[in-house]
Amino acid sequence: MTARTTTALVAIAAMTFAGTPEIDASNWPQQTTFRDSAGIRIVENTRPPEDSRLDWRIGAEPLVSIGSTMGDEDPYLFTRVFGITRLSDGRIVIGDEGAKELRVFDQQGYHLETWGGYGEGPGEFGGNQLWGLARLPGDSIIVWHFWYPGMQAFGPDGEALRRFMPERAMWDTWDRRSHLWPLAVSRGGLVLAGQDDVYHDPGVVEVWDAAGKLRGSLGMHPGRELDRERDENDPDPVMLGYSVTRRPWGDQFIVGTNRRYEFRVFALDGSLARIVRLDYELRAPTRAHIDAEIARRAGSGESEFVVRRRREYREAPVAEYLPAYYYVDTDALDNLWVREYEAPGEDAPGRLWTIFDPDGRILGYFETPEGMGVYEIGEDYILGVTRDEMDVATVHMWSLER
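So the sequence shown is numbered by our numbering: it starts at 801 and just counts up by one.
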(Lines of atoms letter the chains of each structure in order from A and count residues from 1; the text may use other names and numbers.)
(Lines give C-alpha, C1' and ligand atoms only; values in the text may rest on other atoms or scores of the structure.)
Protein backbone atom coordinates (compact mmCIF):
# COMPACT_ATOMS: atom_id res chain seq x y z
CA MET A 1 0.00 0.00 0.00
CA THR A 2 1.14 3.55 -0.51
CA ALA A 3 0.62 6.54 1.70
CA ARG A 4 0.51 10.21 0.79
CA THR A 5 3.74 11.64 -0.55
CA THR A 6 4.99 13.49 2.49
CA THR A 7 7.91 15.83 2.79
CA ALA A 8 9.79 13.13 4.70
CA LEU A 9 9.30 10.54 1.96
CA VAL A 10 10.42 12.94 -0.73
CA ALA A 11 13.59 13.55 1.25
CA ILE A 12 14.15 9.83 1.68
CA ALA A 13 13.78 9.14 -2.03
CA ALA A 14 16.13 11.98 -2.86
CA MET A 15 18.81 10.78 -0.48
CA THR A 16 18.60 7.14 -1.48
CA PHE A 17 20.30 7.83 -4.78
CA ALA A 18 22.62 10.57 -3.58
CA GLY A 19 26.13 9.65 -4.62
CA THR A 20 28.57 8.97 -1.81
CA PRO A 21 32.03 7.51 -2.26
CA GLU A 22 32.71 3.96 -1.13
CA ILE A 23 35.49 3.33 1.35
CA ASP A 24 38.93 3.03 -0.22
CA ALA A 25 40.84 0.65 2.04
CA SER A 26 44.18 1.94 0.76
CA ASN A 27 43.41 5.35 2.27
CA TRP A 28 42.21 3.86 5.55
CA PRO A 29 45.17 2.01 7.09
CA GLN A 30 44.99 -0.16 10.20
CA GLN A 31 41.21 -0.15 10.39
CA THR A 32 41.00 -2.63 13.27
CA THR A 33 43.43 -4.18 15.73
CA PHE A 34 42.67 -6.98 18.18
CA ARG A 35 44.58 -7.69 21.37
CA ASP A 36 43.99 -9.35 24.72
CA SER A 37 44.55 -7.73 28.09
CA ALA A 38 44.05 -9.77 31.26
CA GLY A 39 41.68 -12.07 29.40
CA ILE A 40 39.62 -9.22 27.93
CA ARG A 41 39.49 -8.78 24.15
CA ILE A 42 40.32 -5.18 23.17
CA VAL A 43 39.13 -4.10 19.70
CA GLU A 44 40.46 -0.75 18.49
CA ASN A 45 39.22 0.83 15.27
CA THR A 46 40.42 3.79 13.25
CA ARG A 47 37.78 6.16 11.95
CA PRO A 48 37.00 5.92 8.20
CA PRO A 49 37.24 8.98 5.91
CA GLU A 50 34.44 11.40 6.79
CA ASP A 51 32.93 11.51 3.30
CA SER A 52 32.95 7.72 2.82
CA ARG A 53 29.86 5.51 2.99
CA LEU A 54 29.17 1.79 2.89
CA ASP A 55 27.80 0.56 -0.42
CA TRP A 56 24.41 -0.18 1.13
CA ARG A 57 21.10 1.13 -0.19
CA ILE A 58 17.66 1.92 1.19
CA GLY A 59 14.88 1.44 -1.36
CA ALA A 60 13.65 4.55 -3.17
CA GLU A 61 10.07 3.78 -2.13
CA PRO A 62 8.75 1.85 0.89
CA LEU A 63 7.78 -1.76 0.32
CA VAL A 64 4.83 -1.23 2.68
CA SER A 65 3.29 1.92 4.15
CA ILE A 66 0.70 1.82 6.93
CA GLY A 67 -1.00 5.07 7.85
CA SER A 68 -4.04 7.31 7.78
CA THR A 69 -4.36 7.47 4.00
CA MET A 70 -5.22 3.78 3.98
CA GLY A 71 -8.38 4.60 5.88
CA ASP A 72 -9.82 6.76 8.62
CA GLU A 73 -10.41 3.79 10.90
CA ASP A 74 -8.50 3.57 14.16
CA PRO A 75 -6.11 0.80 13.07
CA TYR A 76 -4.43 3.18 10.62
CA LEU A 77 -4.20 6.15 13.01
CA PHE A 78 -1.24 6.18 15.39
CA THR A 79 -0.48 8.39 18.36
CA ARG A 80 2.87 7.26 19.78
CA VAL A 81 4.36 4.16 18.20
CA PHE A 82 6.30 2.38 20.95
CA GLY A 83 7.54 -0.56 18.90
CA ILE A 84 7.39 -2.36 15.55
CA THR A 85 8.43 -5.87 14.63
CA ARG A 86 8.03 -8.25 11.71
CA LEU A 87 7.02 -11.86 12.32
CA SER A 88 8.48 -14.78 10.39
CA ASP A 89 5.36 -15.06 8.18
CA GLY A 90 5.64 -11.40 7.13
CA ARG A 91 3.00 -9.93 9.43
CA ILE A 92 3.90 -6.56 10.94
CA VAL A 93 3.04 -5.83 14.58
CA ILE A 94 2.82 -2.16 15.59
CA GLY A 95 2.45 -1.02 19.19
CA ASP A 96 0.41 2.16 19.72
CA GLU A 97 0.74 3.68 23.18
CA GLY A 98 -2.24 6.03 22.90
CA ALA A 99 -4.72 3.21 22.35
CA LYS A 100 -2.75 0.66 24.43
CA GLU A 101 -2.88 -1.74 21.50
CA LEU A 102 -0.83 -4.10 19.38
CA ARG A 103 -2.08 -3.85 15.79
CA VAL A 104 -1.32 -6.63 13.34
CA PHE A 105 -1.06 -6.02 9.57
CA ASP A 106 -0.46 -8.33 6.63
CA GLN A 107 2.46 -8.08 4.21
CA GLN A 108 0.58 -5.52 2.09
CA GLY A 109 -0.21 -3.32 5.07
CA TYR A 110 -3.87 -4.25 5.60
CA HIS A 111 -5.12 -4.50 9.16
CA LEU A 112 -5.79 -8.05 10.36
CA GLU A 113 -6.52 -7.80 14.07
CA THR A 114 -5.84 -5.87 17.24
CA TRP A 115 -4.55 -7.22 20.54
CA GLY A 116 -4.53 -5.62 23.99
CA GLY A 117 -6.31 -2.39 24.87
CA TYR A 118 -7.18 -0.57 28.09
CA GLY A 119 -8.43 -2.63 31.00
CA GLU A 120 -7.14 -5.15 33.49
CA GLY A 121 -8.38 -8.33 31.84
CA PRO A 122 -6.30 -11.03 30.14
CA GLY A 123 -4.20 -9.54 27.37
CA GLU A 124 -5.04 -5.93 28.32
CA PHE A 125 -2.45 -3.35 29.34
CA GLY A 126 -4.10 -1.18 31.98
CA GLY A 127 -3.01 2.42 32.34
CA ASN A 128 0.77 2.14 32.59
CA GLN A 129 2.78 3.70 29.78
CA LEU A 130 3.86 1.16 27.16
CA TRP A 131 7.51 1.49 26.21
CA GLY A 132 8.76 -1.37 24.07
CA LEU A 133 8.01 -4.65 22.34
CA ALA A 134 10.14 -7.43 20.92
CA ARG A 135 9.66 -10.64 18.99
CA LEU A 136 10.79 -13.74 20.84
CA PRO A 137 11.82 -17.07 19.28
CA GLY A 138 8.69 -18.74 17.92
CA ASP A 139 7.06 -15.39 17.04
CA SER A 140 5.62 -14.67 20.45
CA ILE A 141 5.66 -10.99 21.46
CA ILE A 142 6.79 -9.53 24.77
CA VAL A 143 5.77 -6.01 25.84
CA TRP A 144 7.20 -3.85 28.62
CA HIS A 145 6.38 -0.53 30.25
CA PHE A 146 8.14 2.71 31.10
CA TRP A 147 9.36 2.90 34.70
CA TYR A 148 7.18 -0.06 35.69
CA PRO A 149 8.55 -3.62 35.66
CA GLY A 150 5.42 -5.55 34.71
CA MET A 151 5.62 -7.49 31.41
CA GLN A 152 3.17 -9.28 29.14
CA ALA A 153 3.62 -11.98 26.52
CA PHE A 154 1.40 -12.85 23.56
CA GLY A 155 1.45 -15.87 21.30
CA PRO A 156 1.88 -15.50 17.53
CA ASP A 157 -1.90 -15.45 17.07
CA GLY A 158 -2.56 -12.94 19.83
CA GLU A 159 -3.38 -15.28 22.69
CA ALA A 160 -2.47 -13.81 26.08
CA LEU A 161 0.25 -16.12 27.39
CA ARG A 162 1.17 -14.43 30.65
CA ARG A 163 1.16 -11.15 32.52
CA PHE A 164 3.70 -11.03 35.29
CA MET A 165 5.87 -9.04 37.64
CA PRO A 166 9.47 -10.28 37.28
CA GLU A 167 10.68 -11.80 40.52
CA ARG A 168 13.86 -9.71 40.38
CA ALA A 169 12.09 -6.39 39.87
CA MET A 170 12.22 -5.31 43.55
CA TRP A 171 8.90 -3.56 42.95
CA ASP A 172 7.82 -1.37 45.87
CA THR A 173 4.68 0.74 45.45
CA TRP A 174 6.00 3.06 48.18
CA ASP A 175 9.43 3.57 46.62
CA ARG A 176 9.16 3.39 42.86
CA ARG A 177 12.72 4.58 42.33
CA SER A 178 14.38 1.45 43.68
CA HIS A 179 13.09 -1.19 41.27
CA LEU A 180 14.60 -2.64 38.11
CA TRP A 181 12.61 -2.36 34.90
CA PRO A 182 13.08 -3.88 31.42
CA LEU A 183 15.24 -1.89 29.00
CA ALA A 184 15.63 -4.12 25.94
CA VAL A 185 15.22 -7.72 24.81
CA SER A 186 17.72 -9.76 22.84
CA ARG A 187 16.68 -11.83 19.84
CA GLY A 188 17.35 -14.90 21.95
CA GLY A 189 14.67 -13.74 24.38
CA LEU A 190 16.84 -12.44 27.24
CA VAL A 191 15.66 -9.28 29.00
CA LEU A 192 18.21 -6.60 29.90
CA ALA A 193 16.95 -4.78 33.00
CA GLY A 194 18.33 -2.06 35.23
CA GLN A 195 17.63 0.54 37.85
CA ASP A 196 16.78 4.06 36.76
CA ASP A 197 19.93 5.87 35.59
CA VAL A 198 18.90 9.16 37.20
CA TYR A 199 18.19 8.02 40.75
CA HIS A 200 20.84 5.31 40.90
CA ASP A 201 24.50 6.08 40.21
CA PRO A 202 25.74 3.43 40.17
CA GLY A 203 22.75 1.20 39.48
CA VAL A 204 22.13 -2.53 39.29
CA VAL A 205 21.97 -4.15 35.83
CA GLU A 206 20.72 -7.71 35.34
CA VAL A 207 19.68 -10.17 32.65
CA TRP A 208 16.38 -12.07 33.00
CA ASP A 209 14.75 -14.75 30.93
CA ALA A 210 11.41 -14.09 29.25
CA ALA A 211 9.62 -15.23 32.42
CA GLY A 212 11.46 -12.66 34.53
CA LYS A 213 13.84 -15.06 36.28
CA LEU A 214 17.47 -14.11 36.84
CA ARG A 215 19.91 -15.38 34.21
CA GLY A 216 22.88 -13.18 35.00
CA SER A 217 23.96 -10.25 37.16
CA LEU A 218 26.04 -7.64 35.32
CA GLY A 219 26.93 -5.69 38.47
CA MET A 220 26.72 -1.99 39.31
CA HIS A 221 27.19 0.59 36.56
CA PRO A 222 27.31 4.40 36.29
CA GLY A 223 24.23 6.50 35.61
CA ARG A 224 23.92 9.58 33.45
CA GLU A 225 25.70 12.89 34.02
CA LEU A 226 23.63 14.81 36.57
CA ASP A 227 23.48 18.07 38.47
CA ARG A 228 22.84 17.20 42.12
CA GLU A 229 23.53 20.64 43.59
CA ARG A 230 19.95 21.88 43.26
CA ASP A 231 18.33 18.77 44.73
CA GLU A 232 20.25 15.64 45.69
CA ASN A 233 17.05 13.57 45.69
CA ASP A 234 15.72 14.86 42.37
CA PRO A 235 18.73 15.72 40.20
CA ASP A 236 18.63 17.22 36.73
CA PRO A 237 20.62 15.97 33.72
CA VAL A 238 23.61 18.19 32.96
CA MET A 239 23.15 20.17 29.76
CA LEU A 240 24.85 18.36 26.86
CA GLY A 241 25.99 15.68 29.29
CA TYR A 242 26.56 12.01 28.67
CA SER A 243 23.83 9.39 28.98
CA VAL A 244 23.68 5.66 29.61
CA THR A 245 24.01 2.89 27.02
CA ARG A 246 22.46 -0.48 27.88
CA ARG A 247 21.81 -2.78 24.92
CA PRO A 248 22.00 -6.48 23.97
CA TRP A 249 24.60 -7.28 21.31
CA GLY A 250 24.28 -10.86 20.15
CA ASP A 251 24.46 -13.03 23.26
CA GLN A 252 26.33 -10.33 25.20
CA PHE A 253 25.39 -6.92 26.59
CA ILE A 254 26.73 -3.39 26.20
CA VAL A 255 26.62 -1.47 29.48
CA GLY A 256 28.24 1.93 29.89
CA THR A 257 27.88 5.58 28.90
CA ASN A 258 28.43 7.61 25.75
CA ARG A 259 31.05 9.79 27.41
CA ARG A 260 33.70 8.09 25.27
CA TYR A 261 33.50 6.21 21.99
CA GLU A 262 33.88 2.91 23.77
CA PHE A 263 31.60 -0.08 24.29
CA ARG A 264 32.11 -2.30 27.30
CA VAL A 265 30.57 -5.66 26.46
CA PHE A 266 29.63 -8.11 29.23
CA ALA A 267 29.00 -11.84 29.15
CA LEU A 268 25.99 -13.41 30.82
CA ASP A 269 28.08 -14.34 33.87
CA GLY A 270 28.82 -10.65 34.47
CA SER A 271 32.43 -10.74 33.28
CA LEU A 272 33.78 -8.03 31.00
CA ALA A 273 34.25 -9.96 27.74
CA ARG A 274 35.54 -7.22 25.44
CA ILE A 275 35.96 -3.51 24.90
CA VAL A 276 35.32 -2.05 21.44
CA ARG A 277 36.71 1.40 20.69
CA LEU A 278 36.75 3.90 17.85
CA ASP A 279 39.18 6.78 17.42
CA TYR A 280 37.49 9.86 18.81
CA GLU A 281 38.67 13.26 19.96
CA LEU A 282 36.71 14.70 22.87
CA ARG A 283 34.97 17.99 22.03
CA ALA A 284 34.21 20.70 24.54
CA PRO A 285 30.85 22.45 23.96
CA THR A 286 31.15 25.95 22.53
CA ARG A 287 28.99 28.97 23.27
CA ALA A 288 27.21 28.36 19.96
CA HIS A 289 26.39 24.79 21.00
CA ILE A 290 25.02 25.96 24.35
CA ASP A 291 22.92 28.73 22.80
CA ALA A 292 21.47 26.33 20.23
CA GLU A 293 20.59 23.82 22.95
CA ILE A 294 18.93 26.51 25.08
CA ALA A 295 16.89 27.63 22.07
CA ARG A 296 15.81 24.04 21.42
CA ARG A 297 14.75 23.47 25.03
CA ALA A 298 13.16 26.82 25.82
CA GLY A 299 11.43 27.39 22.49
CA SER A 300 10.92 30.61 20.57
CA GLY A 301 9.11 33.81 21.43
CA GLU A 302 9.34 36.25 24.30
CA SER A 303 6.60 35.02 26.61
CA GLU A 304 7.23 35.13 30.34
CA PHE A 305 7.54 31.35 30.42
CA VAL A 306 10.10 31.20 27.58
CA VAL A 307 12.18 34.04 29.02
CA ARG A 308 12.22 32.37 32.43
CA ARG A 309 13.24 29.03 30.95
CA ARG A 310 16.08 30.63 28.99
CA ARG A 311 17.37 32.23 32.16
CA GLU A 312 17.20 28.95 34.05
CA TYR A 313 19.08 27.11 31.32
CA ARG A 314 21.78 29.79 31.14
CA GLU A 315 22.38 29.27 34.85
CA ALA A 316 22.45 25.47 34.56
CA PRO A 317 25.73 23.53 34.59
CA VAL A 318 27.10 22.42 31.23
CA ALA A 319 29.05 19.23 30.52
CA GLU A 320 32.81 19.45 30.12
CA TYR A 321 32.61 17.42 26.90
CA LEU A 322 29.93 16.60 24.34
CA PRO A 323 28.71 12.98 24.13
CA ALA A 324 30.75 10.77 21.81
CA TYR A 325 27.64 9.31 20.11
CA TYR A 326 23.84 9.32 20.50
CA TYR A 327 22.74 5.72 20.99
CA VAL A 328 23.18 2.21 19.62
CA ASP A 329 21.04 -0.44 17.94
CA THR A 330 21.67 -3.87 16.44
CA ASP A 331 20.41 -5.62 13.32
CA ALA A 332 19.39 -9.18 12.49
CA LEU A 333 23.01 -10.05 11.61
CA ASP A 334 24.29 -8.82 15.00
CA ASN A 335 25.98 -5.78 13.50
CA LEU A 336 26.15 -2.83 15.87
CA TRP A 337 24.68 0.44 14.56
CA VAL A 338 25.96 3.54 16.36
CA ARG A 339 24.09 6.77 15.74
CA GLU A 340 26.64 9.56 15.46
CA TYR A 341 26.19 12.60 17.68
CA GLU A 342 25.19 15.91 16.09
CA ALA A 343 26.10 18.87 18.25
CA PRO A 344 23.34 21.49 18.64
CA GLY A 345 23.41 23.89 15.72
CA GLU A 346 25.41 21.47 13.55
CA ASP A 347 22.51 19.38 12.26
CA ALA A 348 23.30 17.45 9.08
CA PRO A 349 20.70 16.67 6.36
CA GLY A 350 20.69 12.94 7.20
CA ARG A 351 21.39 10.65 10.13
CA LEU A 352 24.85 9.12 10.17
CA TRP A 353 25.53 5.68 11.63
CA THR A 354 28.81 3.89 12.20
CA ILE A 355 28.45 0.14 11.65
CA PHE A 356 30.51 -2.54 13.42
CA ASP A 357 30.40 -6.26 12.64
CA PRO A 358 29.60 -8.82 15.39
CA ASP A 359 33.28 -9.04 16.37
CA GLY A 360 33.54 -5.26 16.84
CA ARG A 361 35.36 -4.60 13.56
CA ILE A 362 34.31 -1.34 11.93
CA LEU A 363 32.58 -1.68 8.55
CA GLY A 364 32.04 2.01 7.79
CA TYR A 365 29.44 4.75 7.72
CA PHE A 366 25.83 4.42 6.60
CA GLU A 367 23.35 7.26 6.25
CA THR A 368 19.61 7.19 6.80
CA PRO A 369 17.43 10.16 5.89
CA GLU A 370 16.40 12.83 8.34
CA GLY A 371 12.87 12.25 9.56
CA MET A 372 13.12 8.46 9.36
CA GLY A 373 12.81 6.94 12.83
CA VAL A 374 14.38 3.46 12.85
CA TYR A 375 12.61 0.79 14.94
CA GLU A 376 13.83 -2.57 13.62
CA ILE A 377 16.69 -3.48 11.27
CA GLY A 378 16.28 -6.84 9.58
CA GLU A 379 18.67 -8.64 7.28
CA ASP A 380 17.14 -6.96 4.21
CA TYR A 381 14.65 -4.41 5.56
CA ILE A 382 14.21 -1.48 7.93
CA LEU A 383 10.99 -0.80 9.83
CA GLY A 384 10.48 2.82 10.79
CA VAL A 385 8.20 5.82 11.12
CA THR A 386 7.93 9.16 9.34
CA ARG A 387 5.69 12.11 10.14
CA ASP A 388 4.17 14.48 7.61
CA GLU A 389 3.70 18.24 7.80
CA MET A 390 0.63 17.69 10.01
CA ASP A 391 2.66 15.48 12.37
CA VAL A 392 0.70 12.39 11.28
CA ALA A 393 2.69 9.18 11.74
CA THR A 394 3.07 6.56 9.00
CA VAL A 395 4.83 3.24 9.50
CA HIS A 396 6.98 2.00 6.61
CA MET A 397 9.06 -0.97 5.67
CA TRP A 398 11.98 -0.16 3.35
CA SER A 399 14.23 -2.61 1.57
CA LEU A 400 17.87 -2.66 2.70
CA GLU A 401 20.48 -3.80 0.20
CA ARG A 402 23.90 -4.62 1.61
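Beta carbons are placed, not taken as given, at the ideal position from N, Cα and C, and that holds for glycine.
A quick note: this is a predicted structure, and the numbers were derived from the prediction, not measured.
- Cβ-Cβ distances below 7 Å link R1202 to W856 in the same chain, with the five nearest sequence neighbours on each side left out; the list follows chain order.
- The distance from the Cβ of G909 to that of G919 is about 28 Å, inconsistent with a contact at the 8 Å cut-off.
- Secondary-structure assignment with DSSP links T1045 through a beta bridge to G1056.
- Spatial neighbours of V904 in its own chain (CB-CB distance under 6 Å, excluding positions within 5 residues in sequence) are listed in chain order as R891, V893, L912, E913.
- In the assembly as shown, S865 is a buried residue. Its beta-carbon has 16 or more other beta-carbons within 10 Å.
- Here the alpha carbon of G1023 sits roughly 34 Å from the alpha carbon of G917.
- For the stretch 1071 to 1100, the full-length beta strand (DSSP E) segments reaching 3 residues or more read 1072 to 1078 along the chain.
- Using a 10 angstroms sphere on the CB of V985, the tally of other CB atoms reaches 16 or more, which defines it as buried.
- In the DSSP assignment, E920 falls outside any beta strand (DSSP E) and carries neither an H nor an E.
- Distance from the CA of M965 to the CA of V943, rounded to the nearest whole angstrom, comes to 12 Å.
- Between M1020 and V1005, the CB-CB gap stays under 9 Å.
- Residues E967, R968, E1006, V1007, W1008 of the same chain have their beta carbon placed closer than 8 Å to that of L1014, with the five preceding and five following residues left out of the count.
- If you compare the alpha carbons of E901, G989, E1081, E1102 with that of Q1052, the shortest gap goes to G989.
- Secondary structure at F946: coil, using DSSP grouped into helix, strand and coil.
- Note that the C-beta distance between R1047 and D1129 is below 9 Å.
- Contact fails between the stretch 1098 to 1108 and the stretch 1052 to 1065, because fewer than three Cβ pairs, one in each stretch, are under 8 Å apart.
- The C-beta of A1193 has 16 or more other C-beta atoms within 10 Å across all chains shown, which makes the residue buried.
- Counting every other CB atom within 10 Å of its CB across the protein chains shown gives T1168 a total of 16 or more, marking it as buried.
- Here the alpha carbons of D1180 and W915 stand approximately 27 Å from one another.
- With contact defined as three or more Cβ pairs closer than 8 Å, the stretch 877 to 890 and the stretch 925 to 941 are in contact.
- Under the DSSP assignment, E1006 falls outside any alpha helix (DSSP H), being part of the beta strand (DSSP E) whose first and last residues are 1003 to 1008.
- The beta carbons of R1059 and P956 sit no closer together than 9 Å.
- Taking C-alpha positions only, G950 is separated from A1010 by approximately 12 Å.
- Between the alpha carbons of P875 and E897 lies a distance of about 13 Å.
- For E1062, no alpha helix (DSSP H) segment is defined; the enclosing uninterrupted segment is the beta strand (DSSP E) at 1062 to 1066.
- Residue pairing by DSSP places F834 opposite V843 in a beta bridge.
- Taking C-beta atoms as the reference points, G1164 and V843 fail to come closer than 9 Å.
- In this structure, the straight-line span from the alpha carbon of Y999 to that of G859 is close to 43 Å.
- About 6 Å separates the beta carbons of A1119 and P1085, which is inside the 8 Å limit, making them a contact pair.
- Excluding five sequence positions before and after R935, the CB atoms of its chain that fall closer than 7 Å to its own CB belong to T885, L887, I941, given in chain order.
- Take A1073, set aside five residues on each side of it, and the residues of its chain with a beta-carbon closer than 8 Å to its own are I840, R841, Q1052, V1065, F1066, A1067, in chain order.
- In this model, M970 and A899 are separated by some 28 Å (Cα to Cα).
- According to the DSSP assignment, R1151 belongs to the beta strand (DSSP E) that extends over 1150 to 1156.
- For the pair Y1125 and Y1175, the CB atoms are not nearer than the 9 Å cut-off.
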